[in-house]
Structures are given as structure tokens and as C-alpha cells.
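S.K.: Residue numbers (this note's numbering), protein chains in the order written: chain A, 74 to 321; chain B, 1469 to 1762; chain C, 41 to 377; chain D, 49 to 403; chain E, 168 to 407.
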Amino acid sequence: MSQTVLSVSHISKSFGGIHAVRDVSFEVQKGEVLGLIGPNGSGKSTLFNCVLGQLQPNAGAVTVKGQSVSGMRACDLNKLGVGRTFQQLSVFPEMTVLDNIILAGQEHHGTMLSRLFGAPDAGLTGEADRMIEFFRLGHLRDEMAGSLSYGQQKLLDAAMAFMAGPDLVLLDEPAGGVNLTMLANLKERLQTYNREHGTTFVVIEHNMEFVMSLCTRIIVLAEGAVIAEGTPEEIRSNSQVIDAYLGG
Amino acid sequence: MEQFLQVLLSGLATGSIYALAAIGFTLVWQAAQTVNFAQGEFVMLPAFFVLIAMNSGLPLPLALIVALAVSVFVLGFLFKKAIVEPMQKHGNGGGLSLIIATMALAIFLKESVKEFYGAEAQPYPPLISGGTWNIGGAIVSVTDIAHLAISLGVVVGLTLFLNRTRTGRAMQATAQNPAVAEILGVDTNRMVLYTFLINAALASLASFLITPVYLAKFSNGEYLGLIAFIAAIVGGFNQIRGALAGGLLIGVLDNITATYITAEYRAAIPLVLLIGIILFRPQGLLGTSEGRTV
Amino acid sequence: MMNAIPKWLWIALGLAVLIVAPIGQGNYFTLILCSWLMFTIAAMGLNLTLGYAGQISLAQASFMAVGAYITALLTLNGIHWIVAMPAAVVACFFIGLLVGFPALRVKGHFLAFVTLAFNTLVVLVLRNEDWLTGGSYGKFNMPRPDFWIFNTARKSDVLGIALSSNQKIYYLCLITFVVFAALMYGLIRSPWGRAFKGLRENPIRAESLGLDTRRITLLAFAIGSAGGGLAGSLMSPVVQFIEPNSFALVHSLRILLMVVVGGAGYFFGPMLGAAVVILLPEFLRFTQGYYLILYSVAVIILMVYSPSGLMGIGDRILSKLRPQRVVRGDMKEGAQL
Amino acid sequence: ADTMKIGMVVELSGGGAPAGTNFRDGALLAAKEINASGGVMGQQLEISEYDTGTDPQTSRALVQKAIDEGAYNIWGTVYSSSTIVNMMVAQQAGVPQITGSEAPNITAQGNPYIFRTSYGAQKGIPALTAYFKDTLGAKKVAVAWVNNEFGKGGHDVFVGEMKKAGIDVVADIPSEAGAADFAADVARIKDSGADAVFVYLHEEESARFLREASKQAVQAKLVGEVTLTGQKVIDLAGDAANGAVAHVGLTADAPLETFKTFKAAFEKEYNRAPDHNALKGYIGAYITKYGTEKAGAVDQEKFANTMHGLCLKAAEYPGILMDTCWDDSGEMSRPSFMIEVKDGKQVVGETVPAN
Amino acid sequence: MLELKDLYGGYGKITILNGVSFKIPKATITTVIGPNGAGKSTVFKAIFGLLNIHSGQILLEGRDVTGQKPRDMIGHGVTYVPQGRNVVPQLSVYHNLELGGITADDQDRVKQRIEVVMDQFPMLRQFRDRKAIELSGGQQKQLEVARALLLDPKLILIDEPSIGLSPNLVQEVFRTLQRLRDEGVTILMVEQNAKAALAMSDFGLVLELGQTRMHDRADTLLNDPKVGQLFLGGHMEETD
Ligand SMILES: Nc1ncnc2c1ncn2[C@@H]1O[C@H](COP(=O)(O)OP(=O)(O)OP(=O)(O)O)[C@@H](O)[C@H]1O
Ligand SMILES: Nc1ncnc2c1ncn2[C@@H]1O[C@H](COP(=O)(O)OP(=O)(O)OP(=O)(O)O)[C@@H](O)[C@H]1O
Ligand SMILES: [Mg+2]
Ligand SMILES: [Mg+2]
């Protein structure tokens, strides 16, 4: 019954002389939580950007739910059910936290015209408020997102990715700068979505505790190529990975 | 052919003065992230300082020096201290409101000159004079050649300064990321001030060179400011040599359009051509792209 | 305090003032008011493009031109204004879509340049193609519309009040303005308004959240331009004379000035801004030659003091009234962990 | 009432400021003289200034304002593009308007309330045809003109005249008002092989044009209407102006006593030399005086009726400076001059009789 | 070395710091922990002169430096690595490093130091002439850390260095900091990766709601069950 949600085949991307991603292929099944780790500059973010159409890969193909997405625009990908977060902070700084969250969800509610004429934000506000409460941003609901602390913005960013109600979420370092207690919450939420909605996750993260306890499978990149793949236990004990990444 | 050569050379000569205005414009853009809509007036004004100085009895060379000093003070120092600095305190570099303030400043300078010096154009002594040469049937004056040489010199000098000296690099850092520059101990305020002083000096130079042709008139800036803006954009807005290329290109395109295509649409054809360039190369002629955004 | 009076009461009060404003006033004053209403409409259009969606445009005057010329040509050929006006607005909407296309590729100052070039081109076409536009002589004597019981071309009694032609055309402007403002208000409050802001704040993120930023960009231009067109289609019967130079680049800059002076991204900003840009010089006329100098100084001081325009001044005064130190709510509450 | 309100609606800022300011100063000088000698029919002139900013729509609103404020006459505007708009307002209100504009179509509207202070280009330019044809013997001419209301009117008349005279117009070059760079224009003229060039530009543009022509060593004769040989142009163009010829309806340097007196008075008042716009303003103010006195009452309609077909002799009415007549359209006629620039001086040649 | 006395401050009129006081001795590493939005970064900004200080005092080696500019702080031998991305995007890696020493009088010395830090982070040498914006997130962070070490600072303020760094590099950075401490440099650091950070620190400081909650020896805090519960991911270990 397993169903391939994301399939990446033979993706390569180079910038000038640098081969950031070399011939990477992998598949993600529905309901998986895949970890993507690797040393700095190993091509993880570049790979994400190729998958999500922000960058045009030099070679290779990406399909989401069996549909080729090459050349597809980010907004159409989102409509296909793909959500993401960015490595760098990426919120709408001069809008309130609430507006940030509602904006993240509104494209999935109603049609273009009903959004213009219908009751604005029907149903969304409640959902947004629940999301805000969950990430403990309630007291900041009406603050400008740009004035939040780093970790708060990171959480907001994650909350926005969830609001779109996607089937596949790509998270680039969601844990960076997030307090451990909140991190536990974040993990719990990921797992809940995963369990209840069958949402599939691909997570780039340097926080090993987080990755190891969350992911069902891990892919390790180094210098743009896949050097290892397996369960957290397998990866933890893989000497190549220890050398290249985890350190002694 | 003769006609083409004439048009080309004349275009380069005027274009080189546009370039001077455009370079300063580019610098201010970088340092303060603002489009200085008063740039044209900055080029208009120094010539009047020269006239005032000469009317009070100074000989031309001395008048030029006095005018340069006054311009650098007024258009560089005062502009920075009284308008730009307080606005940047409000955050996001002043943004649109700073642009609007420069528009108001343009009106202020223009109207003040008109009110206190008169609305009519005044003759203005040339900085460089000399005969003309006949190059393949085209007539080129010594002045034209000098203008080209001066702008080239300015570009080379400034580029060296910005890339090779510590102050220059600190100015670049301030332009690109003032917050970081500040953290690294760069006196960003002073760097921005330098930029404004340089801009004022360049504008004065452009003023001294172009006013003999344009005649000293309060409204000269309207056209020059627009041209500086366009030249800076075409050149890429973040490159000094880009501004030079932009200025020269506008000068030549303008003349070629007027001669061979249409005088009626003279003001628009170069713009339309340039739009083509921009849509094709959004970073401008010599500009560099912004790199990664994610 | 301000907050004690509900917003709708303020609006009702404002409307009442606008309704009685021209009564007993001379033609000149009435025409200035008309001019204010027209430019407010144009500035509100630009405020959507620029203030909310963050797309800089220096071409608003050229859309006024398109609206004005289309209305003029149609009404001079006997077509009623009520038909000509929507035609002008729709035309501007589609031309706005076209002008928006470069915005998909270029941003910021490049976009400013493209729109600036468009404005220049429109003015030159209007001047050079005299077979259609009357060239530099322009078009004049456009008829004022006749709404059966309310003929704006003639003076007559309406509800027992003697109204001049100019006063009646003012009410036409006022009605158009109120309808337009109501539509804009609805738009800005709708999710579309939020989408426009999202485009302004972080287009890449917006796109990744499923917002079709291309469509939103084009719409921002098209709707904003339609506002310009609407203003233009009022100008034609109000001023009864149009010529290319009235729509030159400086006028686009003037509309930009209105938006920013009022407060870009504030709903009521353009109304205040247009009032300042149009009415302030009138008040300063007694200073003879110095009025432009005083006016420009006033604008500079305003911008230096309150970069978010007149609307920002209100905010600043309110914050002056508040205590000097504000402990943010969450910082006062007890620990949450 | 013992004051007579006048609305002076002129270009005090924007591109037309030099012209408008001169017109105003000329008019104010005349008004001062008129008031000192007892006013108009015993009423003192009270002049309100309205700055159009060289914007036609503003000028229209301001004429409206002046009329709202009770103006008896409107003086101005100088720029034709403004006058063509604001004259409708004055016409509707029945207020006589004394304009400094020269575009042909202003008196072609059938407006009974408009009066010129200087005749339209359609009368001035034909006076040049003989000069091109007979004096210069030109076969091919070029025309450089400013592409606005003013220039287009003159250009159309000129091209029509040349056609009638059988002269080829080999280069037809419009330029923008305020243009600064005439290199391309001059290069085209040189290339066209024209024997003579008709230069129909505003003063400053004329000066820039002359300089560029001199730089590129243009051999063809440069001929203008009114502006080309003005003192201002000579000051600005320097040596480059030498040899230029123009037909001039009004010049402060006309060899007539009335003009000399005017010039002296103006220089005393303002410390600078007057130009032809100052003359227009001066004459305009006197038109209000003489017209009203001829009408015998301070009555706008009577004034307008009286002015149509009126002829005034400078000997009796010195403020008018030269013998002048107005026709039913408000157009005027009076003698004019040919002027050539020699050694940086205007040399007045033959006098062209009124037509 | 550094002392904060009852510091109040914030952004504009909004007060974020509500009386922060602590003292850190010379040649020690102090790690600041606390929930998101507690004001940790704000304290750093306050020390480095980037904040509106309403009241209170900052003493550096006994000298009052309250309200001084970043430039002055650098003059006193303090460097700061802020949270987030802080490189000059269009300048090359090398020029970015050079900027780190822009205030130094002896530019030859700066050149030597650049070589030294490039040895420490070999990636920098590899990408020496690339524009900073082309680096990956973690590479940019390395550049920033390296840049802060350039001037032989006396006090380093470093805000969450571990964000974006791979684990081996985090360890490398921590080792570097420890070595610097041994050479007499004082280090004040914010870390969410609290367990690892406290393990290598001398002191720990818990900040909450703009106030200092606890300030103690690092090992004491590490063993404090309450701290463990709240900040060290005790919760996480349970689900593990
Ligand atoms: N726009 C670009 N131009 C040139 N080189 C680039 C560009 N973007 C990335 N690179 C290079 O490609 C390589 C991979 O970068 P990428 O951002 O994918 O790394 P990463 O795995 O996400 O690293 P990190 O964990 O540090 O975020 C790096 O060496 C980087 O310098
Ligand atoms: N520029 C700003 N304007 C207004 N408020 C701000 C600004 N920056 C931060 N704040 C507020 O100040 C508080 C403290 O922020 P700070 O960045 O110091 O938190 P932090 O402890 O560093 O959190 P994190 O662990 O998430 O980095 C937060 O509530 C935040 O919303
Ligand atoms: Mg990355
Ligand atoms: Mg922080």
C-alpha cells in the first residue's frame, strides 16, 4: 500500500565550477519522515531548491505523486500539496503573526473569487488561532512578525508550512534556534500530522537528537552525493558518516 | 557616414557628462538605498554658485573652487545631515519617504534659484575651451574630448579607490549591509557621508562641464536628473562603470534616434530600447545579479 | 479620545462635510474640490499597487490620460458618460495588466524605469498622433453628462437647492469617489488584500505558500491602473479640456507624492495626501512666489518627522500620549514554561 | 467702486517662467504708470497675480478663480497651450482677456473676448516668405521648430507658405521644449543641404541651437520669427548669434522714441533689459486702459465691442507704443521689423508695414 | 570582566529587558540559555551598543560603557557574532574577513590573522574568492565566526553559533572557544543546544522574560533537575 510521494532521480546541479549536487536519486513513500543530513555545503538546500523549482537542475527529474514537476512554479507545487520552510528566516515582517498564518492557509480555502466576495477568512481564523496557540505565540498574535525573536520566527515559519495543509512538507533546519522544549512540541506535532493525516516529511537538520528521534529513514549527503542511507541506528554507527559529519 | 560620425561623437561627449551625474546617483543609491530625485538639481546648482562668486568679483578659477566647496558642503554635508540622516533613523533606510523628500528637495532647490537668482537662463563661462577638430568630416571640439577623458578618469579613479583602499571597501560594506558593517566597527555614518560628499563633488564637476552648453537655468535639473536615473538603471545601479556605460549609451542612442529614426519620439525610443535591455538582462548592462535569495 | 468615537461615525461625519462643502462656494473652490476627489481616486489606485502590493509605478498619470482621452473621444462622439466611463476603466485595467508584465521580471527601480518609460511613451503618442488625440492642442469642450433629473451641464434647482453646473459635477465626482472607496475598502479587507501585502513583504515565501504571485502582481497593476482610468474619465467632463502635458511624468510623481505624504499602505492615506498636495499650495498662494518653496520645505519636514506620512503622525501623537516605557504584555505575564 | 480688479494669470514658475515673469513685470510697470496718472476712468488698478506653473489646467482653474474674485480683465497667459484652454472660461463669463500668446488658433475660435498684444504667427511668418524667396533666393529650406502649441502653429504656417512659394522643405525637425542638445538636429540640417533654415524655437533653445550650428559650421542662413535675434538669445549665444536674421513684431530695441522711453523706464524699475514679452505685458495693460476709456464705461461687454475694429495711434496713445489695430477676432496688426545680428548687436533693417 | 547592573532596555519604547544583572569573570565561558523570546539576543545587542537602554549600567573591566557605539566596543576589544545571517553578500570571502579587521591599524597583522583563521576553517580558504552570498548557510556562519576571531578580541559575544553548523563543526567551534578561554579570552554565548554548551562552559545563566533567573556554575545547572526539565530537553529524553 506504500505509495511514492516524491521521487528524485539523477538530479545534478552545479554553480560555475562547483558541483553542489551530483546525481542524487531517492524516493519518499507516503507517511515517511525522511531526514537529510550532511556537512555544511554538501548540497542539501540546493537539492531542496531543485525539488521545489526555485533552482533549475542541470540534469535529472523530480516527480511528486507521480507527476513531473520540472519547471513547475512554487505556487502550483503548493497546490499539489507540497509545503516548505526556508533555511533563512522567511516570514512577512510587516504583517502581524495572525495575518502571516492566515495568509499561509488562505489559498487552500475557497476560490479566487469567493476570496474576494465571500466572507473573508471564514473558518480560517479559528484554525490560525489554534496554530498560534500551539506554537506558544498567542501573546504575539498581533505583533509584527519582523519583531519576533529568531526562534519565534522559526516557529512561525513552521506553523505557516502546516497551515497550507500539505501532504508533503520539506523543512530546512526547522530546529535551528528553537528552544528544546518547543522543539519537543514541534516534533510531537510533526509526528501527530504524520500519524493522523499521513503527512510525509523531508527534514534537513543538524540537530542529531532531533533527527534521530524523529526520522524513519535518513539520507546522508557529502559533497553533493549520497554517501549513506538507512535507519537512524544504521546511520549513527556508519563510520563514513561519523568521519564526514558527526565528528568524534 | 560623416553625419553618423558626428552624431556618434556628439552623443559620446554629452553622454560622458550624463555619466558623471549617473555615477553620483549610483553611489547615493548604494549608500542610502535611495533614488535621489534631486540629482538633476544637484547638477544645476553649482553653476549658480560659480556665477554668484564671479559676480562678487572672483576670477573664474577661484570661483570654481569656492563653488565646489560650497556645493560639497550644501549638497553633500547638509543634505546628508539634515535630510538623509534623520530619516534613516526611522529604519528601513528611509525607503519611499526619503525618495519623496528628495523630490521635494528638487522643487525647493529649483524654486529657490528661480526666486533668488531669476528665471531666465544665464550665459556661463566654459571650463575648458579650445578649437574644434575635423575628424573625418565630423566636427569635434577639444571640449568634447576633455569631457570624455574626465569621465573616464573619474570612473577609473573611483573604482580604484573603492576596491583598493580600506575606506573604499568599508564604503562598499556599508552600502551592501549597513547593519553588518556597523557590527564590524565601520563608522557607517561617516562612510555614508563620504559617499554624499563624493556625489556632491561629481555633481559639481558635471555642472561645471555641462552648464556652458545648457546655459545656467533653474530648470536644467529636470532633464538631467531623469537622464542620470535612466543611465544608472541601464548600467546596473550597483556598478560605477555601469553608470558610465549607461550615460554614454543614452547620449549616443538619443542622438541616433533623433537623427535616423524619429525626432517626434526622440524622448521615448531610447527608453523603449533600454526596456528591451532590462527585460533581457534585469541586472542592467554591467550589473551583477543578486545571487542566491533562499 | 479618538478611540471613543467609532470609525463609522467618523466616516459619516466626513461624508456629511463633503456633501455640504460646495454649497455657497464659488466655482473655483468647487473645481478644486473636484480636482481633489479625482486625484484621490488616482492616488488610491496607486496606493494599492504601491502601498499594499509594493510594486512601484511611475505611470499613474498616463492611466489617467488613457481614461481621460477615451472618455473624451467617446463623449465628444455623442456617447453618454455612463457608458464611456466603464469603457475607459476597463481599457485601463487591461493596459495595466500589460504594463504589469515587466514587473514579473524586474523589481524596484527597474520597474520604476519601465513604468516611467511607459508614461513618456503615452504622452508622446498623445501629442504626436494628432489625427486621434488632437496633438498638443488636446481635446476640449467635452460635454458634461445629463442624468435626466440631474443635468450636470446646466444650472438648476435640485431638491430646492440651486446648484450650478460645477456644483453638480462635484456631486458626480463625490458619488464616484464614494463608490470607488467602498470597493477598495472591501478589496483591501478581503484575503486579496492580504495577498497583496504578502507579495510586498516576501514574494518568494508567498509563492511557496501557494500564492500565485504572478497573478497577484498583474492584478495589483491592473486594479491600480483602473483607478487611474476612473480618475481620468472624471477629468474629461470636469475640466473639459485635456492635453498631453497634463499627464506628463511630473504628474505621476505628484500622485506618488500624494500616496507617500498621506501614508502609503494606509487606506485613508491617499485622501489626506491628495488634500495636502492639491490644497496646501492653494492656501500658500498668498505668499506669492515663495509658495512652492514653503510647500517643498513642508513636505521635507513632514517626511523627516514622519516617514509614514500624515497617517503616521497620528500614530506618533498617540504614542507620545502613552507612557514612556511600555512593558510588552508577554514580558509581564508569569512564566509560561 | 474706485478700484478695478485685474486678474494677472501668467507663468511665474515652470518652463514658461521667463516669459511669464517678463510679461508680468511689463504689465506691472504700465499699471504703476496708469495708477500714477489717475487710473482708468478714475479707478485704480488692483492687480492679483496667479501663477499657472505653466500648466494649462492650473491656468484654467486660476482664470476661474480670478473671475470668481471679480476680475474686470484677465491679463495673460503667455503660453499658447494655456491660453487656448483658459480663454473658454473667460469667454463663458464674458470677461475680456488680453493675452500674450501668438499661436494662430487663438483668434480662430470666434471668441469675442480675446485680444492679442502681439499678432499671431499666421501674420508674422508670411512676412518672411519674400525674404526667403527674393532676398535669399532659397530653393531648399530646413525648419527646426519646437514641438508644442506655439511651435506647431508656426511650423504649419511656414510649411504652407513655402509650398505656395515653391520652396522645398528638405528637413523638418521638431524638438522638445527645453531641449538642450541640438547636435543631432544640426547634423541633420547640414546633411540636408538646405540653403536656409527657419528656426522657430523659444529663446533659450534658439541660443543653444545657434551655438551648435556655429560649432558644426553650418553655412546656411539662419532665419527666425521674433525670438531668434532677441537680446536674450544674443547674450546667451554670444558670437554664435552673428548673422542670424529675424522678423520681429516687437523689440525693445526698435528705433522709435516710444520704445526707448519704455526701455529706460523698465531698466530703471527692474535693473535689467526688457524683452518682447515685457513689451506685450506693458501694451496689454494699456489696452485695458484705452479700451475702457474708448468704451466710455467700465463695462466688459462694451469693452469687447469697442476693441473690435479699434485703431489706436501711438502719437495719441503712447502706451500702445506703435500704431495698432484690432480686428473682429481680436487679432491685431501693426508694423514690424527685420533684424539682423551683427557683432553681437541687433541691427534693425527695413520696417515691414502692417498687414 | 563584564558586569550588567539592573539593565532595562528595549526596542523603541517597548521594554524587553526588565532588570538584567550579572557579572562574568575574565577568561571564562558563560552560556546563556532560556526560552525563545526571553531576551537573550537583546542582552547581547544591549552590551554591544545596538539597543535603547532605558536605565542600568554596563561595566567592562570596571569601565562604564553603557550606551557606547559598536565601534567603541570593538575598540575595547569586544566582538559580536549575531544570530542569523550577517555577511556582506557581494564581497568575496576574503574581503569579508578583511572587513573584520577594518578597525585595526596594523593591516599586515590582519593579513596574518586571516591566514590563521583560514587554517582553522579550511572551507574558507577553499572558497576564498567566492562571493559570500554564494556560500551555504553553514558556510556563511563559519565565515562569521572566523571574522569575529580576527582581531584577537578580549570578549566575544556569540549568539547561537550552532545554528546551521554540522555537529562536527559545532564541536570544532566549541573547542576553539575553549582554547581561546585558556588563552585568556572571555566568552559569552547563547545556545539552545544547552547540554553540549553547558558541558563546555564555566558558568551558565538562565534568562527568562527579560530577567536573570539563575546564574551559577555550569555543572550545577546541568545537574539541576528543574533546569534539565525546562531547558535541556528532559522532556525529549522521555519520549526517546
Ligand atoms: N547561488 C550559488 N552560487 C554559487 N555556489 C552556490 C550557490 N548556492 C550554493 N552554492 C554552493 O553549493 C554548495 C551547496 O550548498 P547548499 O546551500 O546546498 O549546502 P547545504 O548542504 O544546504 O549546507 P548547509 O548545511 O550549510 O546549509 C556549497 O558549496 C555552496 O557554496
Ligand atoms: N526589533 C524588535 N522590535 C520589537 N521587538 C523585538 C525586536 N526584536 C525582538 N523583539 C522582541 O523581544 C523579545 C526578546 O527577543 P530576543 O531576540 O532577545 O529573544 P531571544 O531570547 O534571543 O530568543 P531566541 O531564542 O528565539 O533567539 C521577543 O519577545 C521579541 O518579540
Ligand atoms: Mg542549507
Ligand atoms: Mg535570539
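We treat Cβ as the ideally placed atom computed from N, Cα and C, and that holds for glycine.
Measure the CB-CB distance between C:Ile81 and C:Ala338 and report whether it falls below 7 angstroms.
M.R.: Working through the third sequence from its first residue, we reach residue 81 of chain C at position 41. Working through the third sequence from its first residue, we reach residue 338 of chain C at position 298. Cβ distance not < 7 angstroms, so C:Ile81 and C:Ala338 don't count as in contact.
S.K.: Just tell me which of B:Ile1737, B:Phe1541, B:Gly1710 has its CA closest to the CA of B:Tyr1486.
M.R.: Residue numbering aside, residue 1486 of chain B sits at position 18 when the second sequence is read from its first letter. Cα-wise, what sits closest to B:Tyr1486 is B:Gly1710.
S.K.: Do you know offhand how far D:Ala402's Cα is from B:Tyr1585's?
M.R.: What you label residue 402 of chain D is simply residue 354 of the fourth sequence in a count that begins at 1. What you label residue 1585 of chain B is simply residue 117 of the second sequence in a count that begins at 1. Each residue's Cα considered, the two are about 38 angstroms apart.
S.K.: Thinking C-beta only, is B:Phe1517 closer than 7 angstroms to B:Val1538?
M.R.: Counted from its first residue, the second sequence places residue 1538 of chain B at position 70. Counted from its first residue, the second sequence places residue 1517 of chain B at position 49. A contact, by the Cβ cut-off of 7 angstroms.
S.K.: Could you list which residues in chain E have their beta carbon closer than 7 angstroms to that of B:Ala1671, in chain order?
M.R.: As a position in the second sequence, residue 1671 of chain B is number 203, starting the count at 1. Within 7 angstroms Cβ-Cβ: nothing; B:Ala1671 doesn't reach chain E, min ~25 angstroms.
S.K.: Using the DSSP secondary-structure output, state which residues sit across from D:Pro222 in a beta bridge.
M.R.: On the fourth sequence, residue 222 of chain D is found 174 positions in, with the first residue counted as 1. BP columns for D:Pro222 point to D:Trp193.
S.K.: Within a Cβ cutoff of 6 angstroms, which residues of the same chain sit near E:Lys190, ignoring the five residues on either side of it in sequence?
M.R.: Position 23 of the fifth sequence holds residue 190 of chain E. Glu170.
S.K.: Thinking C-alpha only, which one of E:Phe294, E:Gln287, E:Gly251 is nearest E:Tyr261?
M.R.: Residue mapping note: residue 261 of chain E aligns to position 94 of the fifth sequence, counting from 1. Taking only the C-alpha atoms, the option nearest E:Tyr261 is E:Phe294.
S.K.: In its own chain, which residues sit with a C-beta less than 7 angstroms from the C-beta of C:Val299, not counting the 5 before and 5 after it?
M.R.: Along the third sequence, one-based indexing puts residue 299 of chain C at 259. These residues qualify, in order along the chain: Ala83, Leu86, Asn87, Leu90, Gly91, Gly309, Pro310, Gly313.
S.K.: Checking the sheet assignment: what are the DSSP bridge partners for E:Lys190?
M.R.: Taking the first residue of the fifth sequence as 1, we reach residue 190 of chain E at position 23. E:Lys190 is bridged to E:Glu170.
S.K.: Let me check you understand the geometry: is the CB of A:Ser85 closer than 6 angstroms to at least one non-hydrogen atom of ligand 1?
M.R.: Taking the first residue of the first sequence as 1, we reach residue 85 of chain A at position 12. Answer for A:Ser85: no, Cβ out of range of ligand 1.
S.K.: Taking 7 angstroms as the threshold (beta carbon to beta carbon), is E:Asp407 in contact with chain B?
M.R.: To locate residue 407 of chain E, count along the fifth sequence from 1; it is residue 240. With a pLDDT of only 30 at E:Asp407, under 50, the local geometry of the prediction cannot be trusted, and the value read off the model is given with reservation. So no, E:Asp407 is outside the interface.
S.K.: Got a sec: which bits of the region 266 to 289 of chain C sit with their beta carbon under 9 angstroms from any beta carbon on chain A, in order along the chain?
M.R.: Listed by position, the residues of the region 266 to 289 of chain C near chain A (Cβ gap below 9 angstroms) amount to none.
S.K.: Against chain C, with Cβ distances strictly below 7 angstroms, would A:Gln129 count as a contact?
M.R.: What you label residue 129 of chain A is simply residue 56 of the first sequence in a count that begins at 1. For A:Gln129, the answer is no, since every Cβ of chain C falls outside 7 angstroms of its Cβ.
S.K.: Quick one: is E:Arg238 near chain A, going by C-beta distance under 7 angstroms?
M.R.: By 1-based counting over the fifth sequence, the position of residue 238 of chain E is 71. It does not: the Cβ of E:Arg238 has no partner Cβ on chain A nearer than 7 angstroms.
S.K.: With C-beta atoms as the reference, is A:Lys103 less than 7 angstroms away from A:Thr273?
M.R.: As a first step, residue 103 of chain A must be located in the first sequence, where it is residue number 30. As a first step, residue 273 of chain A must be located in the first sequence, where it is residue number 200. In this structure, A:Thr273 lies closer than 7 angstroms to A:Lys103 by Cβ.
S.K.: Note down, in chain order, every chain E residue with its Cβ under 7 angstroms from the Cβ of A:Leu229.
M.R.: By 1-based counting over the first sequence, the position of residue 229 of chain A is 156. Near A:Leu229 there are no residues of chain E at all, since even the closest Cβ is about 10 angstroms away, more than 7 angstroms.
S.K.: In this structure, how does DSSP classify B:Ala1736 when only helix, strand and coil are distinguished?
M.R.: For the purposes of this step, residue 1736 of chain B is identified with residue 268 of the second sequence, where counting begins at 1. In the structure shown, B:Ala1736 sits in coil (DSSP, three-state: anything other than H, G, I, E or B).
S.K.: Is there at least one non-hydrogen atom of ligand 1 closer than 6 angstroms to the beta-carbon of A:Ser115?
M.R.: For the purposes of this step, residue 115 of chain A is identified with residue 42 of the first sequence, where counting begins at 1. It does: the Cβ of A:Ser115 is within 6 angstroms (strictly closer) of some heavy atom of ligand 1.
S.K.: Any heavy atom of ligand 1 closer than 6 angstroms to the CB of A:Ala93?
M.R.: The residue you call residue 93 of chain A lines up with position 20 of the first sequence. Result yes, Cβ under 6 angstroms from ligand 1.
S.K.: Checking 7 angstroms against the spacing of the C-beta atoms, do D:Ala186 and D:Ala227 come in under that value?
M.R.: Residue mapping note: residue 186 of chain D aligns to position 138 of the fourth sequence, counting from 1. Residue mapping note: residue 227 of chain D aligns to position 179 of the fourth sequence, counting from 1. Cβ atoms of D:Ala186 and D:Ala227: not closer than 7 angstroms.
S.K.: Name the DSSP beta bridge partners of D:Trp374, please?
M.R.: As a first step, residue 374 of chain D is located in the fourth sequence; it is residue number 326 there, counting from the start. D:Trp374 is bridged to D:Met380.
S.K.: Less than 7 angstroms separating the beta-carbons of C:Ala125 and C:Ser248?
M.R.: The sequence position of residue 125 of chain C within the third sequence is 85, counting from 1. The sequence position of residue 248 of chain C within the third sequence is 208, counting from 1. Checking the sequence, you will find Met at residue 125 of chain C rather than Ala. Not closer than 7 angstroms, so no.
S.K.: Tell me whether the region 1504 to 1521 of chain B and the region 1673 to 1691 of chain B touch, counting them as touching only if at least three CB pairs, one residue from each stretch, are closer than 8 angstroms.
M.R.: Cβ pair count under 8 angstroms is three or more, so yes.
S.K.: Since B:Thr1600 is in the alpha helix (DSSP H), which residue starts that stretch and which ends it?
M.R.: As a first step, residue 1600 of chain B must be located in the second sequence, where it is residue number 132. Careful: B:Thr1600 lies outside any alpha helix (DSSP H), inside the beta strand (DSSP E) at 1600 to 1603.
S.K.: Examine chain E for any beta-carbon lying closer than 7 angstroms to the beta-carbon of B:Arg1749, and answer yes or no.
M.R.: Translated into positions along the second sequence, residue 1749 of chain B becomes position 281. Closer than 7 angstroms: no.
S.K.: Between which two residues does the beta strand (DSSP E) containing A:Ala298 stretch?
M.R.: In the first sequence, counting from the first residue as 1, residue 298 of chain A sits at position 225. 298 to 303 is the extent of the beta strand (DSSP E) around A:Ala298.
S.K.: Please tell me whether D:Ile115 and D:Ala141 are closer than 7 angstroms, where the distance is taken between their beta carbons.
M.R.: The residue labelled residue 115 of chain D in the question sits at position 67 within the fourth sequence. The residue labelled residue 141 of chain D in the question sits at position 93 within the fourth sequence. Contact flag set, yes.
S.K.: Quick one: grab the DSSP three-state call for A:His212.
M.R.: As a first step, residue 212 of chain A is located in the first sequence; it is residue number 139 there, counting from the start. Three-state DSSP puts A:His212 in a helix.
S.K.: Check the Cβ of E:Val254 against every Cβ in chain B and list those closer than 8 angstroms, keeping chain order.
M.R.: In the fifth sequence, counting from the first residue as 1, residue 254 of chain E sits at position 87. The answer, in chain order, is Asn1645, Val1648.
S.K.: Report yes if the C-beta of D:Asn319 is less than 6 angstroms from at least one heavy atom of ligand 2; otherwise report no.
M.R.: In the fourth sequence, the residue the question calls residue 319 of chain D occupies position 271. The answer is no for D:Asn319.
S.K.: What residues from chain A crowd round C:Trp232, counting only those whose CB sits closer than 8 angstroms?
M.R.: Translated into the one-based positions of the third sequence, residue 232 of chain C becomes position 192. Ordered by position in chain A, the residues that pass the 8 angstroms Cβ test against C:Trp232 are Arg188, Leu189.
S.K.: Please write down, chain order preserved, every residue whose beta carbon lies under 7 angstroms from a heavy atom of ligand 4.
M.R.: Here the list is A:Ser222, A:Tyr223, A:Gly224, A:Gly250, E:Lys207, E:Ser208, E:Gln250, E:Asp326, E:Glu327, E:Val357.
S.K.: So A:Ser82 is in the beta strand (DSSP E); what residue range does that whole segment cover?
M.R.: By 1-based counting over the first sequence, the position of residue 82 of chain A is 9. A:Ser82 -> beta strand (DSSP E) spans 77 to 88.
S.K.: Report the rounded CA-to-CA distance for E:Asp407 versus E:Ala205, giving the unit in angstroms.
M.R.: Within the fifth sequence, the letter at position 240 stands for residue 407 of chain E. Within the fifth sequence, the letter at position 38 stands for residue 205 of chain E. Since pLDDT at E:Asp407 reaches only 30, below the 50 mark, its modelled position is unreliable, and the value read off the structure follows with that caveat. Each residue's Cα considered, the two are about 27 angstroms apart.
S.K.: Take C:Arg184 and list the residues in its own chain whose beta-carbon comes closer than 7 angstroms to its own, dropping the five residues that flank it on each side.
M.R.: Taking the first residue of the third sequence as position 1, residue 184 of chain C is located at position 144. For C:Arg184, where only same-chain residues beyond five positions count, the Cβ hits under 7 angstroms are Thr192, Ala193, Ser205, Ile209, Pro277.
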